[in-house]
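Chemist:
There are 2 protein chains.
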Amino acid sequence: MSQRAFQDAYPDDLSHCFGCGKNNPQGHQLKSYWHQQEHESETTIAHFTPEPYHTAIPGFVYGGLLASLIDCHGTGSASAMAYKMDHRELGSVPALRFVTGALNVSFKAPTPMGVELRLVGRFSQVKERKIVVEIELSANGVLCVTGQVIAIKMPATMQS
Amino acid sequence: MSQRAFQDAYPDDLSHCFGCGKNNPQGHQLKSYWHQQEHESETTIAHFTPEPYHTAIPGFVYGGLLASLIDCHGTGSASAMAYKMDHRELGSVPALRFVTGALNVSFKAPTPMGVELRLVGRFSQVKERKIVVEIELSANGVLCVTGQVIAIKMPATMQS
Numbered sequence: 009m010s011q012r013a014f015q016d017a018y019p020d021d022l023s024h025c026f027g028c029g030k031n032n033p034q035g036h037q038l039k040s041y042w043h044q045q046e047h048e049s050e051t052t053i054a055h056f057t058p059e060p061y062h063t064a065i066p067g068f069v070y071g072g073l074l075a076s077l078i079d080c081h082g083t084g085s086a087s088a089m090a091y092k093m094d095h096r097e098l099g100s101v102p103a104l105r106f107v108t109g110a111l112n113v114s115f116k117a118p119t120p121m122g123v124e125l126r127l128v129g130r131f132s133q134v135k136e137r138k139i140v141v142e143i144e145l146s147a148n149g150v151l152c153v154t155g156q157v158i159a160i161k162m163p164a165t166m167q168s
Numbered sequence: 009m010s011q012r013a014f015q016d017a018y019p020d021d022l023s024h025c026f027g028c029g030k031n032n033p034q035g036h037q038l039k040s041y042w043h044q045q046e047h048e049s050e051t052t053i054a055h056f057t058p059e060p061y062h063t064a065i066p067g068f069v070y071g072g073l074l075a076s077l078i079d080c081h082g083t084g085s086a087s088a089m090a091y092k093m094d095h096r097e098l099g100s101v102p103a104l105r106f107v108t109g110a111l112n113v114s115f116k117a118p119t120p121m122g123v124e125l126r127l128v129g130r131f132s133q134v135k136e137r138k139i140v141v142e143i144e145l146s147a148n149g150v151l152c153v154t155g156q157v158i159a160i161k162m163p164a165t166m167q168s
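Right under this line is the structure:
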């Protein structure tokens, strides 16, 4: 994809997240992108292939990993949306970075191993300090997990 | 602790979970125990010290890991409660193993790095096929995260 990933636009000192930070070599390094950008029907997308050890029970992916992917795709999508609403270039300073206030995940079907997972996010609420992202995670075209990320603009006290 | 961990009583073929399986050397190997066993006020406990790379932003623990710990402490607690309700010894066959139907996590305060985390679970609903566990995660005595795990008895189709 020629787009820059949302997470790759985070400032270097805020890029250590285990789930999606480009500066965390041991992490998952999830990358999220715009999927559709039409006004009021924006969606975001990410793909991830779990490692064989990300097992729940043999053959199925560990729910904690799926929750993590939803979390990072949600906060990344929130950041990108905040830049878009501000008519600012992704990654321009001061950074618009979001943290998770709440994460709600519903496991609809067991997620099979050995398949690239697809996460699509859409926005159910967009305010300056709070953005809610609804995420569907599917494998082989089958919806496996739905999630909601209530993303809160990162308080200045958490930024160095 | 002289008690056997709930997760160590899972059958070998259901002990590969990345979050808590004793047969997953790359995983977190979370261990949950009874904390208090009085009838109708049972609580469960687990401790975990994150690795330095489990970062969210520098100094704080990655929310995906916290969600994962809550998930595994919840399903482990559900399994132990199911054995207790059945008046059966933990780990006796046929296994009483639970999977996550839904996981709801609320981040109340940033979770500091370099500290042992403490998870305490209590039961808000106990039925044969559905057990709901409410979990509080604290660091240095400060409540950082609350979570709810809706645990569903593992369908026979998921067991080998």
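Those protein sequences? They're chains A and B, same order as listed. Under the numbering used here, think of the first position of the first sequence as 9, with each following residue one higher. Under the numbering used here, think of the first position of the second sequence as 9, with each following residue one higher. Note that CB positions come from ideal geometry on N, CA and C, so glycine has one too. All values reported here derive from a predicted model rather than from experimental measurement.
Got a sec: which bits of the segment 93-112 of chain B sit with their beta carbon under 9 Å from any beta carbon on chain A, in order along the chain?
Modeler: 105, 107, 108, 109, 110, 111, 112
Chemist: Could you give the C-beta distance for residue 131 of chain A and residue 50 of chain A, rounded to a whole number, given that I count them as a contact under 8 Å?
Modeler: 6 Å
Chemist: Could you spell out where the beta strand (DSSP E) holding residue 145 of chain B opens and where it closes?
Modeler: 138-147
Chemist: For the segment 76-90 of chain B and the segment 132-150 of chain B, state whether three or more C-beta atom pairs, one from each stretch, are separated by less than 8 Å.
Modeler: yes
Chemist: Which residue from A:66, A:43, A:74, A:53 puts its Cα closest to that of residue 36 of chain A?
Modeler: A:74
Chemist: Does the separation of the CB atoms of residue 27 of chain B and residue 72 of chain A fall below 8 Å?
Modeler: yes
Chemist: In this structure, does DSSP put residue 23 of chain A in helix, strand or coil?
Modeler: coil
Chemist: Taking 8 Å as the threshold (beta carbon to beta carbon), is residue 115 of chain B in contact with chain A?
Modeler: Under the Cβ distance rule, residue 115 of chain B counts among the residues neighbouring chain A, one pair being separated by less than 8 Å.
Chemist: At a Cβ cut of 7 Å, what residues of the segment 49-65 of chain B count as close to chain A, listed as they run along the chain?
Modeler: 61, 62, 63, 64, 65
Chemist: Measure the Cβ-Cβ separation of residue 123 of chain B and residue 147 of chain B and say whether it is below 8 Å.
Modeler: yes
Chemist: Starting from residue 78 of chain A, trace the alpha helix (DSSP H) both ways and give me its first and last residue.
Modeler: 71-93
Chemist: What span of residues does the beta strand (DSSP E) with residue 104 of chain B cover, start to end?
Modeler: Here residue 104 of chain B belongs to no beta strand (DSSP E), and DSSP marks it neither H nor E.
Chemist: For residue 79 of chain B, which residues in chain A fall below 8 Å Cβ to Cβ?
Modeler: 71, 72, 75
Chemist: Per the contact definition of three or more C-beta pairs closer than 8 Å, is the segment 109-128 of chain A in contact with the segment 14-30 of chain B?
Modeler: no
Chemist: Across which residues does DSSP place residue 112 of chain A in a beta bridge pair?
Modeler: A:156, B:112
Chemist: How would you write the range of the beta strand (DSSP E) that residue 127 of chain B sits in, first residue to last?
Modeler: 125-134
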